[in-house]
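Report on the structure given below.
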Amino acid sequence: HQDMFDLKPEAPAGIRGEFNPIPTNVPGIEIGEHLPKLAGMMDKFSIIRSICDAQPEHNAFQSYTGRNQRLPMPVGGWPTPGAVASKLLGPLHPSVPPYVSLCYTCT
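Residue numbers for the sequence shown follow my numbering, so the first one is 178 and each next one is one higher.
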């Protein structure tokens, strides 16, 4: 992810990545050279270049939800992001489930 959104072209060779930055349609923001279409839409989204929490972990669920792993697990487990989105948005068609998780046990 550093070589896509957080390039450091001024850093020493051992730190910076191998790719070059390109300008976006937002003055002052550059992203990786392999993302030219995204560069043209930069005004439509935000880049989060750092995230901080009380726990020194990098688990995906924590990045997605901010949930503290030390909290007791509720009966049935924690909902996945897809389950929450399907609850809020509902199905696209009545004959198709709005969300199906085929992953390993999601906790």
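For each residue, glycine too, the CB sits at the ideal point set by N, CA and C.
{"query": "Given residue 215 as reference, the closest of 226, 269, 202 and 188 once Cα atoms are compared", "result": "202"}
{"query": "Nearest neighbour of residue 204, chosen from 217, 210 and 196 [CA to CA]", "result": "217"}
{"query": "Distance between residue 213 and residue 200 (C-alpha atoms, nearest Å)", "result": "9 Å"}
{"query": "Exposed unless 16 or more other CB atoms sit within 10 angstroms - verdict on residue 251", "result": "exposed"}
{"query": "Local Cβ density within 10 Å of residue 198, reported as buried at 16 or more and exposed below that", "result": "buried"}
{"query": "Pair within 8 Å by beta-carbon distance, residue 267 and residue 274", "result": "no"}
{"query": "Per-residue burial, residue 184 [other beta carbons within 10 Å of its own, 16 or more giving buried]", "result": "buried"}
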